[in-house]
Structure formats: structure tokens, C-alpha cells
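Structure record follows, encoded as C-alpha cells.
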Amino acid sequence: MSAVAEIPPDVAAAPVHAKAGDAIVSVRGLTKIFKDFWGRPKAKAVDNVDFEVRRGEVFGLLGPNGSGKSTTVKMLLGLLYPTRGHIEVFGHSPRHVKTKAHIGYLPEESYLYRFLDSRETLDFFGNLFDLPPKERHTRNEQLLEMVGLNQVRTRVVGEFSKGMQRRIGLAQALINDPDLVILDEPTAGMDPIGCREVKDLILALARRGKTVILSSHLLSDVEDVCDRVVIYYGGRIHAMGTLKELLIKPDAVRITMPPLPRESMQRLLEIIRRDAASDKIQVDNPTQNLESYFLEVVRKAKEGLAETSGATSGSRVAPYLRGDAEAVPEKDKLLERLTMAAPKPVEPVRTEAPEPEINKARLESLAKAQEPAPAPLKSGPAPAPAPTPADLKKADEKLSSLLGRPPGK
Amino acid sequence: MNKILTIAGLTWKSAFRYRLFWVVAVLLVASVVALPLVLVDDGTAKGLTQILLTYTLTAVASLLGFVTLWLSCGTLAKDVEECQMQVVSVKPIARWQIWIGKWLGLLSLNAALLALSGAAIFALLQWRANRLPADQQEILRKEIFVARAATRNPPQDFTPEVDQIIKDRVKNYATLPENDQYEIRQQITGGLKAELTEVGPGYRRRWGVDLHTLRDRLRDQPLVLRVKFHTANPNPDAQYNTVWIIGPTNSPAQAVLPEKLPPDSFQEITVPPNMLDESGMLWVDVYNPEDTALTFPLDDGFVLLYPESTFGINFVRGIAVIFCWLALLASIGLAAASYLSFPVAAFASLAVLLMGLSSGTVGTVVENGTIMGFDSAKSAFGHTPSDYIIVPLFKGALKVINLVENFSPIDSLSSGRSITWGELGLAVAQIVLLLGGFFCVLGIIFFQRRELATAQGTS
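Residue numbers (my numbering), protein chains in the order written: chain A, 1 to 409; chain B, 410 to 868.
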């Protein structure tokens, strides 16, 4: 029996009739005006916002500080009441108590009881979902292992670092195996490993058909995991769509391939230069991003040691969160080594070099294209511009002086 | 129910983790044990009772009352201010369940602390009682370590008689100034009361107490008269001869008890068993052979006491009434915290508590019909326009306060008066269900309507 099957019917039931693509969250004309003591308008935090979040998607609320993201999230959760407009979550008001059984929420800060330890915290919230004791215990253990706090389970939350508090906060948000997970700045205060774990977890949840709403001002978080985003500014939505729609540059093409002999490279560039101006062509070595590099270093360090009094790297995603599809056939396999870069189905820009085979046909078709070849998409560090003859001469002189030889010898 | 208990359990965990429980428990036990050591009694049963029961129970009730108010304001208001409530209220738990859970948590905490300090008081009382002289132990056993129910003549409303007298004797009453009307009414009422309370030299006064419902229970049981009178003689050491004639009229079984009694203090006279007449009435006459008048106050000048239960059970019921007060305070604190921030809620709750404690002042304002004092130059009470608002408000407040203050478990225990199950039931109904329920409903409505995410985290 799966974990979800054991929880009470009123907890496990309601929104699961929703099919993929159904609107889980529907927001229409949402406006929130904060008022002062006398009822006079003080600030318009959200202004006539409309959007829908569909089942199974990772939906990003993006915007600078104070743009209305968190206010929107809090209205979705029934913590704030709209001044105008309409919100439906699983077809009900956000304040409908039974609907809340299907929602997991991680607030922007760890608003947990400081006198409870990790295990008690999860047990407390598990109780609020009426989880049976055995199920609660199982989930607590799995979640503590997943967020890397199983070694500090008896330390009270008040003693935790901010990152550790985020981890236990994340665990409590998932105790009910929610269908809708609302994460407000989930990676705030986390170390790079934790950030990566959270992002991988979001993707794992999305693969199980869970809906995730992610509010963040960290662009990389949103870019790495979100299918669709809205961009807030001043309480209004200024852009909305899939990342592909919003980010693609249709007038540029990037080719990644193994290093070629100098002659082949020259020939290739010659071909490209026939159709594209030199200043539109960039050639560089792709670089690994710092997150991937950092994770690799830590992974190697972990292989050789060592005890820590803080959070350990999270282990696999809690089995009850992985669902049957992953849990049954590969029961004993570590499905998600969270310290490793997990394969991502939705990753708009790859910065780590996967070194694909050269598709000659594609290359030729590109070379034969009538239109001038566009510049490559920018990602990671900007490529250095091609050296000019003057630069080369200057470098040659510098090298010669270092070697104690005259230039050109 | 599981969710409510989970929230209640959180209050307990918080109290233990922040060491509040142990600090309060130590304070309570210290006050129970240390106070009688500091305040040495005079070696009499009454002195011991005064210190052990009155002082310690008052100290316990006061300390727990303030702790309850403080905790009840803090547990909810701080959860909102420090934003923990944002995480709790997005779980599938209704806000009323959170509120009730908090309330039950506080009540159970109070119950434990009250039981602890009550047990300490009871044990100490028994231990100290055994060290008293034999005669004082006897007094203690007969007068204090008992649970005697009291019956007395019901309070009398003199208004119709006063109205009738005014109608018969005072012409143009309606056209008289308000102060004169007030003075006339006071004088006539005083005269009527004097007729009932005064026993002049050579006169006798009769009381009849209907005990027909208790006849079987009181068979062969001695009863006790508790009497108090005043005289015009200012000498506190003076004593007065009285003759008490108890029993059915003109019956050979009638008892005649001469007693020499001091004024201005409660005195007990034992009534022999089986003195009721055929209809279950107990007739008591007092004859005044002295040459000065004796005045028996209407409210507590004459009270008949009869055994109702044991002291242990009575003590538990007394503690239960104090618990009802604490339950009400918890409701008031939580109701305030449902809408207000912690310091404001604490201030508002304390204001309510102080208003309750100053019922005497409130009562005086209501009785005088003004908040102004007596102007001796004009021989009348002053008036201000604010009286039109304040006096009706105070009238309402007094009615509410009386619902709570009609119960005085500490006085009852220290005087051996029984707190009956009926009284306890009434206390639960009036204090917990009616008043506590009112504040519960008010608090839940406030909490239900409150936006919980307007506060920024302060943790």
C-alpha cells in the first residue's frame, strides 16, 4: 500500500479528480490594498492580477522585493483577504479548511516553534493533518533524512542556522504529500547544496504531477525549475508565459561540440563568415557554472569524511513523495542523490558541457542557410571577444620579455 | 478533537521548554509553604485558618490569575506576531479549533498547577493543625474542618413598602428636588430595616427557617447558629447577655440557651438536635435582657449552619470554583489577543481584571447614581454629564461582575461554610459557560476575521 492510501479519506481525497492541465489555482482581478487604522488606503500591494496555475506545472512568481509576490501567496493561502477580486484553490475559497489538506506551504522565513525539535515539529504538523501515528512516524523519518536533519533531530529549531530552519520548514510543508506546494523564497539562506536539493525536489514533485507555486526574486531558482512564470512589478503582472516563450532569442543559434583541429575550426569559421558578420560570431569554451563545480567539490570531499554538527546533505527524496512509479521498480536504488546534479526535464539553459556529438547535417543546413547566422544565446560568462592583431602583438611582446627572448623568436 | 488536543499539547510543551511550568510551580509551592512560615499564626484555630487558608489560597489565586492572563495573551498574540500562526492556520484546522485548543491548553495547565498548590495547602493544613493545642484543634474540627451549608432569610426588597409609605405620608414628593427625594427614601428604608434588625431592651425577635426538605437528613444532627450583632456601645470588650429560645413554639422540647456574647463578631451557638416543628420549620427567638439595643444585620446577622459534606470534598469544590475564575481569565486574555497585539491585549485584560476587583467602587457609583463624591457643603452628591453614560455602563458591569463575585470559595473554606455541588454547578454555568462562553465566541469571531499575515516576523 502506498503511503497516501493510508491517510484518512478526507485528507487524501478532494482535489485528485483534477486532470493534468486543469486549473488548480484561479486568480481573477485580484487586488489587495493595505489600509491604515482609519481605513484609508495605505499601499496597493497587488493590483488587478489575473492568472491560472494548472495541475502539474511549476509556476513561478517572479519580481523584485515588494512587488506583491508574497502578498499574492498569502492571499492564495487565506492569510490575507483580497480587497477585490476572486481566488479559487481546488475550486474552493482559500479559507476552505478541507482544501488545506492538499496544500503544503513554506513561508519566506521559518516561522516554526522554536522550542520544538525537528521530530516534534514534523509530528505536530502531521497531527494537524490527522495522519495516523505510524504513518506520521514513517514520514517524519523519511523527511528528516531527505532534508539532512536526521542527525540533529533532537535539537530545538531555535538553535538551528537559517539554512537548517529552511530545511525543516520545507519538510513540514511536505508532511501531507501535498498536491499543491507553495514555496515562498525556498532557497533563501540555504547553502548551494541545499539550493540544489530544493530545486531537484521541486522537479521531483513536478514529475509526480504535483503543482508547485514558487515565489522568488532569485532568477536562477525560477529559471532552473519553472515551466511558467509571471513577473511582478509594483503589484502588477508585467509578463507571463513559459520560460521558453519569454527567454528564447530566435535570431541566434549556439553550437556546442568537442574541440576541433585548428584547420577544421578555421574552415568552419570561414563557412560561417560567408553568411554572418564577424562581430556577430562568438567562439569560446563553455564553462561549468559555479553551482555545478561547487557540488562536485563537496561530493568528492564527502567521499572521504566527516562528521558535521549541522545539516548533512539531504538524502534521497522521501519515498512517499516519490510515488509508486519510482518507488516500486527501483525500491532500493537511491533515486535522487540530491548532492548530484539530477537530470532535469525542464532546464532551459544548460551551462554544464554535455559535449554532444556534432550533427553534421544540422551544421551543413545551418551553413547553407540564406539568412545570416545569429549570435549564440548568452549563458554563463560572456565569451571573450576575438583578439585583434594589435592585442596578439602586445601579448607576444609580454611573453618574450618574460622568457628573456626578443619578440618573434 | 485530535487537532484541538494537538494545539493544547503545544501549550504544555511551550510551558515546559521555557521552564514556565516549573518556575510557576516553585513560586506557588513557595508561597504556600513560605507564607505561613513568614506569617506566624497566633496559635489559635482562627489564626491558623486565616494564614493557611485565606492568605495562601488568595496568593495562589492571584498568582495564577496573573499568569493565566499573561499566558493567554501571549500564546495567541505572539504566535500571530511571530508568524507561527501563518504556518499553523494554513493546515487543515479551523481557526475556532486553534482558539479552543489554546484555551484548553491553558486550562489544563492551570488545573495541574492549581491541583499541585491545592494539595500542598491541604497537606500543610493537616500537618499544622495537629500541632495546635487540643482545645484549638477541637474548634478547628468543629468550625473549620467542616462543610456546613448555610441558610438564612432571603434578602428583602423594601422598595414597595417605601413607595407605599411615601405615597401615604409625603406630599408633593414628585416635585421635590432629586437630592431630597433620595434622602427621604434613605431615611424610610433605614427605618424599615431598623424595625427588622433591632432588638430593643426587653424585646425579643423571631426568625423562622424552613428546613422541611432537609428534615430527614438533619435528624439527630446538631445545628449551629452563627450570629452577629452591633450595639451603640463603642467599648469593644463589652459583652451582652442574650437568651435564645429554640424549637417548636410552646413545646416542652424547646431549648432555652442563655449566652453572653461580644458584639461585632460572628458567634456560634449550638442548636440541639431535632428542634424542628412538624412542618419542618426551625423557630429561633432572641430575647434582649440588656438596657441597650442589639442590631442584627439583615445579611449576616443570623445564619443557620448545618453539616453538608466533608472538609476534603468542600476544599476540592472551593478549588474548582477558583479554577472557574481562571477559565474566565483565560477566555478574556485569549479574546483580547485574538484582535490585539500582545502588549495591548495584556493591558486590556488587566484593565478588565482591575474593573472586576474594584466592584466595590463600581457598586458605590451605581448606588449613588454618580461618579462624583458627596458634597458636604450642599449635603448632596455632585453630578456630571458623564454620569448619563458611566452609571448605566457601571450598572451593566456590576451585574456581570456579580455573576463572578457571588462565589467566594476562600471565605467559605476559611469559615467552614459548604460550597455545595449546586453552587459549584452554578459557578460553572455562570462563570465558565455564560461569561467564559461569551468571551470565547467574541474571541473566535475576532480571530476568524483577522488577517494573520499582516505582522512581520519578530522571532
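We treat Cβ as the ideally placed atom computed from N, Cα and C, and that holds for glycine.
Starting from the N-terminal side, write out each stretch of the alpha helix (DSSP H) that is 4 residues or longer and does not extend beyond the segment 77-153 of chain A.
Correct list: 118-128, 133-146.
Just how far apart, CA to CA, sit B:S517 and A:L247?
Distance between the alpha carbons of B:S517 and A:L247 is about 59 Å.
Applying a beta-carbon distance threshold of less than 9 Å, which residues of chain B neighbour A:A101?
Per Cβ cutoff of 9 Å: K500, P501.
Mind checking A:F37: buried by the 16 CB within 10 Å criterion, or exposed?
The residue in question, A:F37, is exposed, as its Cβ has fewer than 16 Cβ neighbours within 10 Å.
Could you check which residue in B:R615, B:I780, B:V665, B:N811 has the C-alpha nearest to that of B:W734?
Residue B:N811 is the option with its Cα nearest to B:W734.
Closest by CA to A:F90, which one among A:G189, A:V53, A:R84, A:G235?
The residue with the shortest Cα to Cα distance from A:F90 is A:V53.
What number of angstroms, rounded off, separates the C-alpha of A:N127 from the C-alpha of B:N411?
Each residue's alpha carbon lies about 7 Å from the other.
So the candidates are A:A23, A:D50, A:G39; which of them puts its Cα closest to the Cα of A:T31?
For A:T31, the nearest C-alpha among the options comes from A:D50.
Given a cut-off of 8 Å on the beta-carbon distance, is the pair B:L749 and B:A454 in contact?
Not a contact, by the Cβ cut-off of 8 Å.
Please state the DSSP three-state secondary structure of A:D184.
DSSP places A:D184 in strand when its eight states are reduced to three.
How is B:K551 classed by DSSP in three states: helix, strand or coil?
B:K551 falls in the helix class under three-state DSSP.
Work out the CA separation of B:V433 and A:M164 for me, nearest whole Å.
Straight-line Cα distance between these residues: approximately 33 Å.
Flag this pair as touching only if the segment 725-733 of chain B and the segment 808-826 of chain B have three or more C-beta atom pairs under 8 Å; answer yes or no.
The answer is yes - the segment 808-826 of chain B touches the segment 725-733 of chain B, with three or more Cβ pairs under 8 Å.
Rounding to the nearest angstrom, what Cα-Cα distance links B:N723 and B:S827 in this structure?
When rounded, the distance between both Cα atoms is 6 Å.
Would you mind working out which of B:L835, B:V761, B:T829 sits nearest B:A803, comparing C-alpha positions?
Per the sequence shown, residue 803 of chain B should be read as Phe rather than Ala. When only C-alpha atoms are compared, the closest one is B:V761.
Once DSSP output is grouped into helix, strand and coil, what is the label at B:L457?
Helix.
Find the residues of chain A that neighbour B:Y870, judging by a C-beta separation of less than 8 Å, and give them in chain order.
Residue 870 of chain B is absent from the structure shown; chain B starts at 410 and stops at 868.
Grouping DSSP H, G and I as helix and E and B as strand, with all else coil, what is B:G721?
Here B:G721 sits in helix by DSSP.
Taking all protein chains shown into account, decide if B:Y612 is buried (16 or more other Cβ within 10 angstroms of its Cβ) or exposed.
By the neighbour-count rule (16 or more Cβ atoms within 10 Å), B:Y612 is not buried but exposed.
Just grab the DSSP bridge partners of B:P716 for me.
B:R557.
Tell me which same chain residues have a C-beta within less than 7 Å of the C-beta of B:T420, skipping the five on either side of it?
T484, K511, G514, L515, L518.
Around the C-beta of B:A603, are 16 or more other C-beta atoms found within 10 angstroms, so that it is buried, or is it exposed?
That one is exposed.
Thinking C-beta only, is B:L627 closer than 8 Å to B:L713?
The answer is no: Cβ separation not under 8 Å.
Name the two residues that bound the continuous alpha helix (DSSP H) containing A:E462.
Nothing can be reported for residue 462 of chain A, as the shown portion of chain A is limited to 1 through 409.
Looking at the C-beta of A:Y111, does it have a partner C-beta in chain B at a distance below 8 Å?
At least one chain B Cβ lies under 8 Å of A:Y111.
For the segment 124-139 of chain A, which residues have a beta carbon sitting closer than 8 Å to at least one beta carbon of chain B?
Per Cβ criterion, the list reads F124, F125, N127, L128, F129, D130.
So B:S758 and B:G742 are supposed to be a Cβ contact under 8 Å. How far apart are they, rounded?
Yes, B:S758 and B:G742 are in contact; Cβ-Cβ is about 5 Å, under 8 Å.
B:G778 and B:N697: beta carbons closer than 8 Å?
Result no, Cβ atoms of B:G778 and B:N697 do not sit closer than 8 Å.
Do A:Y320 and A:R167 come within 8 Å of each other at the CB atom, strictly closer than that value?
Result no, Cβ atoms of A:R167 and A:Y320 do not sit closer than 8 Å.
By how many angstroms is the C-alpha of B:I655 removed from the C-alpha of B:L620?
If I take the Cα positions, the gap works out to 14 Å.
Return the chain-ordered list of same chain residues with a C-beta closer than 7 Å to the C-beta of B:F856, the five sequence neighbours on each side being excluded.
Within the same chain, B:F856 has close Cβ partners R504, W508, S747.
Tell me which same chain residues have a C-beta within less than 6 Å of the C-beta of B:A355, skipping the five on either side of it?
An answer regarding residue 355 of chain B cannot be provided, because it is not within the stretch 410 to 868 covered by chain B.
Which chain A residues are close to B:A524, counting only those with a beta carbon under 8 Å from its beta carbon?
Those within 8 Å of B:A524 in chain A number zero; the least Cβ separation is about 24 Å.
Quick check for students: name the residue ranges of the alpha helix (DSSP H) that lie wholly in the segment 214-277 of chain A, counting only runs of 4 or more.
Complete alpha helix (DSSP H) runs here, min 4: 219-225, 243-247, 262-275.
For B:I678 and B:R635, I'd like the C-alpha separation in whole angstroms.
C-alpha separation (whole angstroms): 7 Å.
Need the endpoints of the beta strand (DSSP E) that B:E677 sits in, please.
Note, B:E677: beta strand (DSSP E), 676-680.
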